[in-house]
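Visitor: Positions 639 to 1100 (our numbering) are the ones given, in order, by the sequence shown.
All residues carry an ideal CB built from backbone N, CA and C; glycine is no exception.
Predicted, not measured: the structure shown is a model, and the values here were computed from it.
This is the structure I have questions about; it appears just below.
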Amino acid sequence: MKITFRGAAQTVTGSQTLFEHNGYCGLVDCGLFQGDKSQRLVNWRPAEDLKKIECVLLTHAHIDHSGLLPRLVSQGWRKPIYCTPSTKDLLKIMLLDSAHLQEEDARFANLTKHSKHSPALPLYTTKDAEEALKLIYTIEWNQWTALSKFVSFRFLRAGHILGSAILQVRFDLEHSSKLLTWSGDLGSGHSDILRDPVHALETDFLVLESTYGDRRVDIAGREKRLGEIISKVIGRGGTLVIPVFAVGRTQDLLVSLYRLTQRKEIPSTPIYLDSPMATSVTRVYLNHINELKESALSADLEAALSAGSFFEAITSSEESHRLAEASGAKIVLSASGMLQGGRVLHHLKNKLPDRNNGVLFVGYQGAGTKGRLLQSGIPVIRLHHQQIKVEAEIFNIDGYSAHADSDALINWVASFSKKPQTIFLNHGEPLAQNALAYRLFQELGIRGLIPQQNEVFDLAGN
Ligand SMILES: [Zn+2]
């Protein structure tokens, strides 16, 4: 078995690993590179080995894991994509939205002549995304599925977002078989709505995400802190803008906002979800309510996730613009979560120059993103080609992270009944990866390797 790290190598986007065993070759994840321009340019590289890739095994629907699938299709690739049933439902929304954004970017570049290329072309189109969706096959939890005579796989719950999976690949050698496990993005184990990641697995090799490899996340105080920030900003008549990702964070926040409202721990104020995608995704969560946490009361969950119950979903862009221009006390959840685009930019353009307002970050802000700049205290930020003064108060809560923190990652690895002999750390920035590698060795005696982009590892046998 040979694996090649094609993305998410010393960075948190563009997840993609190529695996090859006894003539069978596939990809684990096929994610879009986000972040600064040099990263985004990688999305345009021609896919290598396109002809020999027999499948894509998809851990979850987030675009940094799935967003290059239509790009494969645009280059003529037509092979099966395997994922869990709820991941498929999320992908219908995510891939079409991603294609739409690519088309919009190209249209905008042509309009403003921002591109070196004439005409600027989208990375892929809606048609490519629709074709990619036709290639999806769903696999139930825990069901071993053969890919070739020598390779099979199964999905196990990862508790990161709806449908997210840990992936195990079993490959046969001459007289034995080995297990290679991808953590995918691993949940924190503290979600109010998702079931916990599966523990106590066996494996020979592990590819482990390391987003929060150097951090401890304070989960206990997150709802209280959210309530305090809301009370502070709403109390002074300001707008609190919360940049969110459509999948995961939005739903967790809605549940917290619902509970704070029910318990009257925050002042009564309008709450808006201004992201059509987040609204659609929230509906998918409702459609898969049986997938969600068994201990959560389904009546409460339903109320918390249903638009119109205690929050209003904004659909048209006219409404969104009106909302962005309106002053006064309110809470606005809007995408994208790292300010890489989307309606949240209109809200920020209007709200950042007023010190009464607040911006609350609830998720990881990748290096090179506008979110990271704002989070680190930049006094002036460029949005939609305008310089915007930052007077609004900037808040952070990392307790809503959908990722396992350093302790949770160590505990998860420690729980393996057969521990990996080698761990490859991906999906993390170097500081986090080095810190995690150090802990893995000190506490568990396991070597953690930090692959570079395109680095190849020969695991066993061939
Ligand atoms: Zn993810």
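1. If distances are taken between C-alpha atoms only, which option among 883, 868, 1085, 824 comes closest to residue 895?
2. For residue 746, is the classification buried or exposed, using 16 other Cβ atoms within 10 angstroms of its Cβ as the cut-off for buried?
3. Where residue 845 and residue 988 are concerned, what is the direct C-alpha to C-alpha distance, given to the nearest angstrom?
4. Using the Cα positions of residue 820 and residue 965, report the straight-line distance between them to the nearest angstrom.
5. DSSP three-state label for residue 791, please.
6. Hey, how far is the Cα of residue 990 from the Cα of residue 998?
7. Go through its chain and collect everything with a Cβ distance to residue 1080's Cβ below 7 Å, but skip five positions before and after it.
8. Kindly list the residues whose CB is nearer than 6 Å to the CB of residue 834, restricted to its own chain and excluding five residues on each side of it in sequence; keep chain order.
9. Just tell me which of 1022, 938, 832 has its CA closest to the CA of residue 931.
10. Could you check if residue 1029 is buried or exposed, using at least 16 other CB atoms within 10 Å of its CB as the buried criterion?
11. Say the cut is 7 Å; is the CB of residue 857 nearer than that to a heavy atom of ligand 1?
12. Does at least one heavy atom of ligand 1 sit under 7 Å from the Cβ of residue 823?
13. Among all the DSSP beta bridges, which residues are the ones paired with residue 807?
14. Using only CA atoms, which one of 712, 665, 739, 1007 lies nearest to residue 719?
15. Look at the alpha carbon of residue 656 and the alpha carbon of residue 891, and state the distance between them as a whole number of angstroms.
16. Say whether the region 1041-1048 touches the region 713-729, bearing in mind that this needs 3 or more beta-carbon pairs closer than 8 Å, one atom from each stretch.
17. For residue 1044, which three-state DSSP category applies?
18. Have a look at residue 705 and residue 694 and give me their C-alpha separation to the nearest angstrom.
19. Which of helix, strand or coil does DSSP assign to residue 759?
20. For residue 1003, collect the residues of the same chain with a Cβ closer than 7 Å to its Cβ; drop the 5 residues on either side in sequence, then sort them by chain order.
21. Quick check on the DSSP output: the beta strand (DSSP E) that includes residue 599 runs from which residue to which?
22. For residue 790, collect the residues of the same chain with a Cβ closer than 7 Å to its Cβ; drop the 5 residues on either side in sequence, then sort them by chain order.
23. Classify residue 780: buried if its beta carbon has 16 or more other beta carbons within 10 angstroms, exposed otherwise.
24. Which residue spans inside the region 956-1020 form an unbroken beta strand (DSSP E) run of at least 3?
25. Going by alpha carbons, who is nearest to residue 851 out of 1088, 836, 1092, 1097?
26. Determine the burial state of residue 726: buried for a count of at least 16 other Cβ atoms within 10 Å of its Cβ, exposed for fewer.
27. Beta carbon of residue 700: closer than 7 Å to some heavy atom of ligand 1?
28. In terms of alpha-carbon separation, which member of 978, 959, 1005, 671 lies closest to residue 984?
29. Using the beta-carbon count (16 or more within 10 Å), is residue 1085 buried or exposed?
30. Could you spell out the range, first to last residue, of the alpha helix (DSSP H) harbouring residue 675?
31. I'd like to know if the region 1065-1083 and the region 645-652 are in contact, where contact means that at least 3 CB-CB pairs between them fall below 8 Å.
32. To the nearest angstrom, report how far apart residue 1100 and residue 886 are at their CA atoms.
33. Leaving out five residues before and five after residue 962 in sequence, what residues of the same chain have Cβ atoms less than 6 Å from its Cβ?
34. Could you give the residue range of the beta strand (DSSP E) that holds residue 799?
35. Any idea if residue 1018 is buried or exposed, counting beta-carbon neighbours within 10 angstroms, 16 or more meaning buried?
36. Under 7 Å from any heavy atom of ligand 1, does the C-beta of residue 828 make it?
Guide: The short version:
1. Start at 1 with the first residue of the sequence shown, and residue 895 comes out as number 257. When only C-alpha atoms are compared, the closest one is 868.
2. The sequence position of residue 746 within the sequence shown is 108, counting from 1. Classification of residue 746: exposed, given that the 10 Å Cβ count is below 16.
3. As a working note, residue 845 is residue 207 in the sequence shown. As a working note, residue 988 is residue 350 in the sequence shown. Approximately 43 Å, taken between the alpha carbons.
4. Position 182 of the sequence shown holds residue 820. Position 327 of the sequence shown holds residue 965. Note on geometry: alpha-carbon atoms of residue 820 and residue 965 lie some 46 Å from one another.
5. Numbered from 1 along the sequence shown, position 153 holds the residue referred to as residue 791. Three-state DSSP puts residue 791 in a strand.
6. In the sequence shown, the residue the question calls residue 990 occupies position 352. In the sequence shown, the residue the question calls residue 998 occupies position 360. Roughly 12 Å separates the two Cα atoms.
7. Start at 1 with the first residue of the sequence shown, and residue 1080 comes out as number 442. Around residue 1080, the same chain offers no residue with a beta carbon nearer than 7 Å, after the five sequence neighbours per side are excluded.
8. Counting from one through the sequence shown, the residue named residue 834 turns up at place 196. Here the set comprises 797, 827.
9. In the sequence shown, the residue the question calls residue 931 occupies position 293. Nearest to residue 931 by alpha-carbon distance, out of 1022, 938, 832, is 832.
10. As a working mapping, residue 1029 is identified with position 391 in the sequence shown. Exposed: under 16 other Cβ atoms inside 10 Å.
11. Here residue 857 refers to the residue found at position 219 when the sequence shown is read from its first residue. Answer for residue 857: no, Cβ out of range of ligand 1.
12. Your numbering for residue 823 matches position 185 in the sequence shown. Because some heavy atom of ligand 1 lies under 7 Å away, the Cβ of residue 823 counts as near it: yes.
13. The residue labelled residue 807 in the question sits at position 169 within the sequence shown. Residue pairing by DSSP places residue 807 opposite 791, 818 in a beta bridge.
14. Along the sequence shown, one-based indexing puts residue 719 at 81. Out of 712, 665, 739, 1007, 665 has the C-alpha closest to the C-alpha of residue 719.
15. Taking the sequence shown and counting its residues from 1, the one referred to as residue 656 is at position 18. Taking the sequence shown and counting its residues from 1, the one referred to as residue 891 is at position 253. Going from the Cα of residue 656 to the Cα of residue 891 covers about 35 Å.
16. Three or more beta-carbon pairs separated by less than 8 Å are not found between the region 1041-1048 and the region 713-729, which leaves the two stretches without contact.
17. Locating residue 1044 in the sequence shown gives position 406, where the first residue counts as 1. Helix, per DSSP.
18. Locating residue 705 in the sequence shown gives position 67, counting from the first residue. Locating residue 694 in the sequence shown gives position 56, counting from the first residue. Answer to the nearest angstrom: the Cα atoms are 12 Å apart.
19. Numbered from its first residue, the sequence shown carries residue 759 at position 121. DSSP places residue 759 outside both helix and strand once states are collapsed to three, so it counts as coil.
20. What you label residue 1003 is simply residue 365 of the sequence shown in a count that begins at 1. For residue 1003, where only same-chain residues beyond five positions count, the Cβ hits under 7 Å are 976, 1009, 1010, 1013.
21. Outside the shown range of the chain, which is 639 to 1100, sits residue 599, and nothing can be said about it.
22. Counting from one through the sequence shown, the residue named residue 790 turns up at place 152. So the qualifying residues of the chain are 782, 783, 784, 808.
23. Here residue 780 corresponds to residue number 142 of the sequence shown, with the count starting at 1. It counts as exposed.
24. If we require 3 residues or more, the beta strand (DSSP E) runs fully inside the region 956-1020 come out as 968-972, 996-999.
25. As a working mapping, residue 851 is identified with position 213 in the sequence shown. A check of alpha carbon separations from residue 851 across 1088, 836, 1092, 1097 identifies 1088 as the nearest.
26. Translated into positions along the sequence shown, residue 726 becomes position 88. Under this definition residue 726 is a buried residue.
27. The count along the sequence shown starts at 1 and reaches residue 700 at position 62. Checking the Cβ of residue 700 against ligand 1 gives yes.
28. The residue you call residue 984 lines up with position 346 of the sequence shown. Closest option to residue 984, Cα to Cα, is 959.
29. Here residue 1085 corresponds to residue number 447 of the sequence shown, with the count starting at 1. With fewer than 16 neighbouring CB atoms inside 10 Å of its own CB, residue 1085 falls in the exposed class.
30. Within the sequence shown, residue 675 is the residue found at index 37, counting from 1. That run of the alpha helix (DSSP H) goes 675-679.
31. Taking one beta carbon from each stretch, the region 1065-1083 and the region 645-652 have 3 or more pairs nearer than 8 Å; the two touch.
32. The sequence position of residue 1100 within the sequence shown is 462, counting from 1. The sequence position of residue 886 within the sequence shown is 248, counting from 1. For residue 1100, the predicted structure reports a pLDDT of 42, less than 50, and the residue's modelled location is therefore unreliable. A value from the coordinates is still provided. Computed Cα separation, rounded: 39 Å.
33. The residue given as residue 962 occupies position 324 in the sequence shown. Excluding sequence positions up to five before and after residue 962, its CB lies within less than 6 Å of the CB of 984, 985, 988, all in the same chain and listed in chain order.
34. For the purposes of this step, residue 799 is taken as the residue at position 161 of the sequence shown. Premise fails: residue 799 is in no beta strand (DSSP E) and is neither H nor E.
35. Start at 1 with the first residue of the sequence shown, and residue 1018 comes out as number 380. By the neighbour-count criterion, in which a residue is buried when 16 or more other Cβ atoms sit within 10 angstroms of its Cβ, residue 1018 is exposed.
36. Translated into the one-based positions of the sequence shown, residue 828 becomes position 190. No - ligand 1 has no heavy atom lying nearer than 7 Å to the Cβ of residue 828.
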